[in-house]
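A.B. asks:
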Amino acid sequence: MATETTTTTSTTTLPESEYKIRDLQEADFGRRELDIAEIEMPGLMAAREEFGPSKPLRGARVMGSLHMTVQTGVLIETLKELGADLRWCSCNIYSTQDHAAAAMVVGGTPTFAWKGETLEEYWWCTNRALTW
1 MATETTTTTS
11 TTTLPESEYK
21 IRDLQEADFG
31 RRELDIAEIE
41 MPGLMAAREE
51 FGPSKPLRGA
61 RVMGSLHMTV
71 QTGVLIETLK
81 ELGADLRWCS
91 CNIYSTQDHA
101 AAAMVVGGTP
111 TFAWKGETLE
121 EYWWCTNRAL
131 TW
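Using UniProt numbering, read the sequence shown as starting at 1 and increasing by one per residue.
Spelled out as structure tokens, the structure:
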């Protein structure tokens, strides 16, 4: 029986000061999950298609503090496609999906979130996301 070896090529152009997540190598899995979630979120996908070319959010700075899940990742990528400049953290120390956070970083969004943050780390992440 043949075994398949997968190598991850997840990299980011963000400087290390612009993100803190559990494991960047989880980004490929996160990307696959985002692709699936997009199918289940037709409203956001329609907004990208209709408004993406005109970039109506160009110049807007959006700091988000919402559960860092793949569904939130679809929202983040939609806001980015509409022209917004984004920074993100999780609103809950237990709800972060680490693979989704990794995919956001690889996609170029400064993200400060990992599952199991302490309360002190949670406030540090919030502060970093608020710091432009």
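Don't be surprised by glycine CBs; every beta carbon is placed ideally from N, CA and C.
1) Since D98 is in the alpha helix (DSSP H), which residue starts that stretch and which ends it?
2) Check whether the region 36-43 touches the region 51-61, taking contact to mean three or more Cβ pairs, one atom from each stretch, closer than 8 angstroms.
3) Alpha carbon to alpha carbon, how far is D23 from T8? Give it in angstroms, no decimals.
4) Name the DSSP beta bridge partners of V62, please?
5) Is it true that the CB of I21 sits closer than 9 angstroms to the CB of W114?
6) What is the DSSP secondary structure of T69, reduced to helix, strand or coil?
C.D. replies: According to the data block:
1) Sequence index remark: in the sequence shown, residue 98 carries index 98 (1-based). It spans 98-106 - the alpha helix (DSSP H) in which D98 sits, taken as one unbroken run.
2) Under the three-pair Cβ rule at 8 angstroms, the region 36-43 does not count as touching the region 51-61.
3) For the purposes of this step, residue 8 is taken as the residue at position 8 of the sequence shown. For the purposes of this step, residue 23 is taken as the residue at position 23 of the sequence shown. The predicted position of T8 is uncertain, since its pLDDT is 48 and thus under 50; a value taken from the coordinates is nonetheless stated next. Our two residues, T8 and D23, have alpha carbons roughly 12 angstroms apart in a direct line.
4) The sequence position of residue 62 within the sequence shown is 62, counting from 1. L86, per the DSSP bridge assignment.
5) Looking up residue 114 in the sequence shown gives position 114. Looking up residue 21 in the sequence shown gives position 21. Taking 9 angstroms as the Cβ cut-off, W114 and I21 qualify as a contacting pair.
6) Along the sequence shown, one-based indexing puts residue 69 at 69. Here DSSP, grouped into helix, strand and coil, assigns T69 to coil.
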